[in-house]
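Using UniProt numbering, the first residue of the sequence shown is number 1, and each one after it goes up by one.
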Amino acid sequence: MGQLQTIAQDGGAKRCETCCRPCGGVPLNIIDAALDEVFPMSCITMDTFLNMERMVSHGELNKMGLLVRPSSTNCVHFVSHEWLSGSHPDPAAVHLRRLQQVFREMSEGNVKQFFSDRDWQMMVERPVAQHDSFAAALEPANFKKVSEHSLSMSVRAGLVWLDFCCIPQFVDYSALHHKHFLEEQKLAMHSLPFYVERSDFFWVLSPTAEHEDFKRDCSFHTWRSRGWCRLEEWANLLSNSSVPPLVVTEAPIITTYGTVAFALDNYNRLERAPCMGDFTCCSQLHCVKTGSQITPIPCDKQVTVHVLRKMYRARVRSQLVEAPVLGLALCGLERMLFAGVENVGTPCLQRGVTGELVEEFVGRVGLSAACAGTDKLQAAVWCQQQVMVHKLVKRLCPGEPLPRDQCGLDAFDVCVLTGNVEAAEALLDTCIGVGLLHLPNRFGATPLQTAAWCGHRDLVQSLLDRRAAVNVRNVSASRLSGWSALHYASVNCHDKCCRLLLHHQAAVSARDAQGVTPLELVTAEKPMVIGNQQTNARSETIRILLEAMTEEEVIATI
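Okay, here's the thing in structure tokens:
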């Protein structure tokens with residue numbers, strides 16, 4: 001605290017007379033009007049963050065004059081993490097010390113050492129020709145790219161947003177002022193879309209550490225189980241300036257992932273919805289105790305739904321105009337995104353009307369305008385409008401290939417990406433179905449390989465039942481050259497798909513163009529940012545693969 005006091009004395013932030021909070025004096029006019037800043041955004045300087053011995057609360061930082069209002073030229077680092085106790089987010093400073101280490105190294109210019117070649121390539125400018133998946137090709141045009149120098153400078157001169165430091169906290173208010181605290185914190189929580197939109201980088205801080213109260217390990221896996229952390233992750237994805245999250249664990253390498261890959265990975269997985277996550281308020285039966293006084297608190301799910309609804313509708317509206325394929329993909333996420341919510345309010349485009357005519361559907365999703373080649377059938381599959389899918393399949397002309405959009409997707413590709421078994425089988429039952437079964441996409445992957453990569457077990461089963469080739473290889477010139485369906489299932493630890501493929505005689509020791517086996521893809525220790533989110537996913541996939549190998553094959557992999 002002594003170092004922070006010195007910083008406060010030497011460079012205290014200017015205070016705004018109207019709100020008594022530090023203010024940079026520069027209005028933020030870069031955010032859509034729908035993203036309201038109903039509670040002023042405050043950050044801390046990188047110098048303040050790096051000199052902390054322990055995370056300091058919003059109220060204490062405000063007293064010391066160390067809260068800073070970001071100007072339009074400041075780079076803001078949004079940090080999301082799981083609290084490690086009920087009273088303090090990081091009592092042993094495990095999270096704080098790890099991120100301080102990363103920021104210090106980066107500010108000195110040591111940036112690329114934190115990334116694998118693959119992840120660093122995602123961060124920097126690259127031609128579309130190097131994309132090796134539809135998820136990469138679907139990334140929005142304003143996808144933020146960085147260089148080693150720019151990231152180093154962004155850290156060195158940046159500001160940090162961290163919930164405990166930057167929004168009102170319970171510990172800063174006496175029992176007499178808890179009502180005022182709840183009002184201010186609610187305003188801050190409603191401002192989350194603004195805070196995320198204003199931020200330039202989204203950090204996930206999740207090194208393994210023990211929870212002080214529950215005496216269990218917290219990690220990236222438990223971070224993703226928290227309802228509020230899920231909301232922050234989705235707020236980043238739904239932001240107009242969405243950026244690839246930077247996942248910091250105890251590992252020396254930072255992991256990142258594309259936001260579109262994350263969206264596709266969550267299709268129809270209702271258990272991953274923000275409101276299906278764990279909330280502290282619910283575990284405390286929506287009350288807090290201070291001394292002998294019990295104060296009721298509202299459920300955070302109310303704010304979660306409000307924030308999600310506001311950001312989701314705004315992003316869908318903008319993307320249907322700017323990037324229709326991505327806009328339709330977002331429409332299909334509505335059911336998953338609002339799972340666990342009794343009343344979502346006015347539905348978005350995913351929900352149709354009973355007896356809807358094709359022409360009515362076309363008007364509702366805006367396909368009368370130029371939609372980047374997206375046809376009616378593809379839109380119906382994205383929106384999971386199964387009745388409309390069957391109507392449009394009947395209209396297909398024999399012998400004519402399915403139209404493709406600007407990303408090279410056709411309706412069957414969308415079925416495979418989203419795991420829409422009913423729509424896929426409807427297309428496979430048509431006269432063009434035989435050709436679709438084995439047709440590689442523009443990245444060299446067959447439908448079976450893509451379904452295995454996405455973990456769509458039921459679709460994998462359907463394709464195998466129709467005699468899809470199990471051991472065919474990707475023949476593209478990408479890093480995936482030589483991959484079999486088992487490689488695709490293994491890399492994301494989809495153990496059930498692996499078991500199914502092995503049951504259909506998949507070659508367990510098949511090597512890709514680089515000589516890598518499916519088992520070697522699984523044993524690469526890193527957070528499972530995309531793929532099977534079960535705690536034992538990696539160990540179970542390894543077990544299944546080892547059981548299928550002969551003793552000689554096991555020895556050859558050691």
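Glycine is no exception: its CB is placed at the ideal position from the N, C-alpha and C atoms. Nothing here was measured: the structure is a model prediction, and the numbers come from that model.
query	result
So R538 and M549 are supposed to be a Cβ contact under 8 angstroms. How far apart are they, rounded?	Actually they are not in contact, since the Cβ atoms of R538 and M549 sit about 17 angstroms apart, beyond 8 angstroms.
Go ahead and pull the three-state DSSP assignment for I44.	strand
Spatial neighbours of T6 within its chain, please: C-beta separation below 8 angstroms, excluding the five flanking residues on both sides.	Reliability fails at T6, whose pLDDT of 49 lies under 50, so the model's placement of it is uncertain and no value is given.
The alpha helix (DSSP H) spanning S318 covers which residue range?	300–322
Answer yes or no: do L450 and V416 have a C-beta to C-beta separation smaller than 8 angstroms?	Residue identity check: residue 450 is Thr in the sequence provided, not Leu. Cβ atoms of T450 and V416: closer than 8 angstroms.
Would you call the segment 204–213 and the segment 59–71 touching, i.e. three or more CB-CB distances under 8 angstroms?	no
For V38, which residues of its own chain have a beta-carbon under 7 angstroms away from its beta-carbon, when the five flanking residues on both sides are left out?	L187, H190, S191
Bridge partners of residue 573, per DSSP?	As displayed, the chain neither begins before 1 nor continues past 558, which places residue 573 out of reach and without an answer.
Considering only DSSP beta bridges, list what A210 is partnered with.	First, the amino acid is wrong: residue 210 is Glu here, not Ala. DSSP lists D217 as partners of E210.
Determine the DSSP secondary structure at L205, reduced to helix, strand or coil.	strand
With a cut-off of 8 angstroms on the beta carbons, I'd call C497 and A452 a contact; round off their distance for me.	5 angstroms
Grouping DSSP H, G and I as helix and E and B as strand, with all else coil, what is D278?	strand
Report the rounded CA-to-CA distance for V554 versus G531, giving the unit in angstroms.	25 angstroms
Going along the chain, which residues of its own chain have a beta-carbon closer than 6 angstroms to the beta-carbon of M388, five neighbours each way excluded?	F361, A380
In the DSSP assignment, what residue or residues form a beta bridge with M246?	Note that residue 246 corresponds to Leu in the displayed sequence, not to Met. L246 is bridged to W203, T256.
Helix, strand or coil: how does DSSP classify S490 here?	helix
Under three-state DSSP, which class holds V393?	helix
Assuming L464 and P447 make a contact with CB atoms under 8 angstroms, what is their CB distance in whole Å?	Not quite, the Cβ-Cβ distance comes to about 11 angstroms (not below 8 angstroms), so this is no contact.
Mind reading off the beta-carbon distance from A524 to G482? Whole number of angstroms is fine, and I expect it under 8 angstroms.	With a Cβ gap of about 17 angstroms, A524 and G482 do not count as contacting.
Taking C-beta to C-beta, are G515 and L480 nearer than 8 angstroms?	no
Would you mind working out which of H178, R118, F202 sits nearest H81, comparing C-alpha positions?	F202
What are the boundary residues of the alpha helix (DSSP H) that S462 is part of?	457–465
Does DSSP put L159 in a helix, in a strand, or in coil?	strand
Would you call the segment 219–227 in contact with the segment 274–287, where contact means no fewer than 3 C-beta pairs closer than 8 angstroms?	yes
Rank G327, Q101, L84, N268 by C-alpha distance to the C-alpha of D47 and give the top, closest one.	Q101
Expressed to the nearest angstrom, what Euclidean distance is found between the alpha-carbon atoms of R457 and D375?	27 angstroms
Does the separation of the CB atoms of A411 and L377 fall below 8 angstroms?	yes
Residue range of the beta strand (DSSP E) that F361 falls in?	Per DSSP, F361 belongs to no beta strand (DSSP E); it is in the alpha helix (DSSP H), 358–364.
So, for C20: in the same chain, excluding its five sequence neighbours on each side, which residues have a beta-carbon less than 8 angstroms away from its beta-carbon?	With a pLDDT of 31 at C20, under the threshold of 50, the modelled position of that residue is not reliable, and no figure is offered here.
Bridge partners for R226 per DSSP, in chain order?	D278
Quick one: residues in its chain with C-beta nearer than 6 angstroms to the C-beta of G86, no 5 flanking neighbours on either side, listed in chain order?	D213
Could you check how far apart the C-beta atoms of Y257 and P274 are, in whole angstroms? I think they sit under 8 angstroms.	Between P274 and Y257 the Cβ distance is about 18 angstroms, and since that is not below 8 angstroms, they are no contact.
Out of I542, L330, H88, which has the shortest C-alpha to C-alpha gap to P259?	Looking at the sequence provided, one finds Thr at residue 259 rather than Pro. Here the closest residue by C-alpha is L330.
What residues in its chain sit with their C-beta under 6 angstroms from that of Q113, if we drop five residues either side in the sequence?	none
For a test of the three-state rule: what should DSSP assign to N110, helix, strand or coil?	coil
Could you have a look at H504 and say whether DSSP puts it in helix, strand or coil?	coil
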